[in-house]
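Chemist: With the numbering used here as the guide, the letters of the sequence shown map in order to residues 157 to 559.
All C-beta atoms in this analysis are idealised placements derived from N, C-alpha and C, irrespective of residue type, glycine included.
One structure follows; several queries about it will come next.
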Amino acid sequence: MYNIANNDGYYGAFGGAYIPEMLYPNIEELRSQYLKILESPGFQRDFYALLKDYVGRPTPLFYSENLSSALKARVYIKREDLCHTGAHKLNNVVGQALMAKHMKKQQVIAETGAGQHGVAAATVCALLKIPCTVFMGSKDMTRQQPNVLRMKMLGARVIPVESGSKSLKDATNEAIRHWINHPEDTYYLIGSTIGPHPYPDLVARLQSVISEEIASQLMKKENKEAPDYVFACTGGGSNAAGAFFHFIGNETTRLIGAEAAGEGIGSTHTAATILTGRPGIIHGCKTLLMQTPDGQVEEAHSVSAGLDYPGIGPMHANLHITGMAKYLAVTDSEALDAALRFSQCDGIIPALESAHAIAAMYKTPFQDTDVVVLCLSGRGDKDLETYQKHFLTHERTAKTSEV
157 MYNIANNDGY YGAFGGAYIP EMLYPNIEEL RSQYLKILES PGFQRDFYAL LKDYVGRPTP
217 LFYSENLSSA LKARVYIKRE DLCHTGAHKL NNVVGQALMA KHMKKQQVIA ETGAGQHGVA
277 AATVCALLKI PCTVFMGSKD MTRQQPNVLR MKMLGARVIP VESGSKSLKD ATNEAIRHWI
337 NHPEDTYYLI GSTIGPHPYP DLVARLQSVI SEEIASQLMK KENKEAPDYV FACTGGGSNA
397 AGAFFHFIGN ETTRLIGAEA AGEGIGSTHT AATILTGRPG IIHGCKTLLM QTPDGQVEEA
457 HSVSAGLDYP GIGPMHANLH ITGMAKYLAV TDSEALDAAL RFSQCDGIIP ALESAHAIAA
517 MYKTPFQDTD VVVLCLSGRG DKDLETYQKH FLTHERTAKT SEV
């Protein structure tokens, strides 16, 4: 099956657990227990109860008349932005925090880029009374101040990371270093479908509730279980993995991921991993990543903190290589313009990550009978400062040209 890793943690040629010996006990403990815990009646009961009563699932599948008219197709929006905390991240965090409890861990650590995963981790840890520490690049802390404040308000300790590009990659590095030194009492709650096995498989399974709901909701609205297209943004890839999961291998559904091209795939300021990367090892798994000719990881750039990552989850690397999904590059300016257009189309301000998927839809020709689902991964509150900077400049430029 293309949506589930094999016993060694591989999706085709990608995945696995490329880890230092000091990290092996931590990973092996989780690998030996995660499926047993996931499938246990107690976990299933608690997980779905929290998804319903705490997260707010199922999230709506909204038919957008305005977007349908603009794109000449039947367009639905999967409203993950309406989850508690404002993003899909909470689906995974609820599951992994419950797993930490089952494994009798005393504290949780997490990494975050845009801050949505950090907020989700702080939220659930407050609920379950588990101490939480979040590692976040100092550059991301500056551009995502509202989420930093939310994490602190929820009782989490936020540790700024000053190394490297001071963004998501470096926050992940620091979280892993901390985990190596605290293996017995600490659970590392990874936020995306990246990292050593079993994390990509674990996160994809927890996020698969998104496509599970899409299928049942479409049956009621369109009398069909599978859409013709699913669009989702891809950084590490958890949102897209969840939206794609139950449609992978379905020949009638085209899966489209949108990755951050930054200033363009031909520039040195990009995060278009799939279109510019090649196979290598990052954060414990073999996948596609941006790297120099001698194998050093290149710095990624995106206006979106959640997509500012030089790798991609191994599931997505395999879907790309096999042709089972298509990945489009979206520049910073295209994503920003799509966010404004979408906000004024349906009265929904999207997260900058989601804006990349919106822009990708505008790059795609549709038939008027096509049923298209956009997974709106999160809301745009956290990105208002970035939007303000862009659109004030845009307004000044427009007024100058009018004169």
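List the endpoints of the continuous beta strand (DSSP E) containing residue 385.
Modeler: 385 to 389
Chemist: Where does residue 340 fall in DSSP's three states?
Modeler: coil
Chemist: In whole angstroms, give me the CA-to-CA distance for residue 532 and residue 399.
Modeler: 10 angstroms
Chemist: Taking the straight line between their C-alpha atoms, what separation do you get for residue 544 and residue 464?
Modeler: 20 angstroms
Chemist: Is residue 446 closer than 8 angstroms to residue 466 when the C-beta atoms are compared?
Modeler: yes
Chemist: Let me check understanding here. Comparing Cα to Cα, which of 509, 503, 548 and 534 lies closest to residue 223?
Modeler: 503
Chemist: Please name the residue or residues paired with residue 433 in a DSSP beta bridge.
Modeler: Paired residue(s): none; residue 433 is not in a bridge.
Chemist: Is the CB-CB distance between residue 436 and residue 175 below 8 angstroms?
Modeler: no
Chemist: Roughly how many angstroms lie between the CA atoms of residue 263 and residue 232, to the nearest whole one?
Modeler: Their backbone Cα atoms lie some 39 angstroms apart in a straight line.
Chemist: Report the rounded CA-to-CA distance for residue 479 versus residue 287, giving the unit in angstroms.
Modeler: 42 angstroms
Chemist: Taking the alpha carbon of residue 340 as the reference point, which residue from 243, 426 and 256 has its own alpha carbon closest?
Modeler: 256
Chemist: Among 331, 392 and 249, whose alpha-carbon lies nearest the alpha-carbon of residue 267?
Modeler: 331
Chemist: Out of 401, 171, 244 and 534, which has the shortest C-alpha to C-alpha gap to residue 411?
Modeler: 401
Chemist: Considering only residues of the region 210 to 279, which uninterrupted alpha helix (DSSP H) runs meet the minimum length of 4 residues and lie entirely inside it, listed in chain order?
Modeler: 221 to 227 and 245 to 258
Chemist: Should residue 178 go down as buried or exposed, given a rule of 16 or more other Cβ atoms within 10 Å for buried?
Modeler: exposed
Chemist: Classify residue 208: buried if its beta carbon has 16 or more other beta carbons within 10 angstroms, exposed otherwise.
Modeler: exposed
Chemist: Put residue 162 into one of helix, strand or coil per three-state DSSP.
Modeler: For residue 162, the three-state secondary structure derived from DSSP is coil.
Chemist: Looking only at C-alpha atoms, which of 420, 415 and 477 sits nearest to residue 434?
Modeler: 477
Chemist: From residue 374 to residue 252, what distance separates their C-alpha atoms?
Modeler: 28 angstroms
Chemist: Going by Cα to Cα distance, which pick from 506, 390, 519 and 524 is closest to residue 537?
Modeler: The shortest C-alpha separation from residue 537 is found at 506.
Chemist: Please name the residue in 473, 511, 500 and 454 whose C-alpha comes closest to that of residue 460.
Modeler: 511
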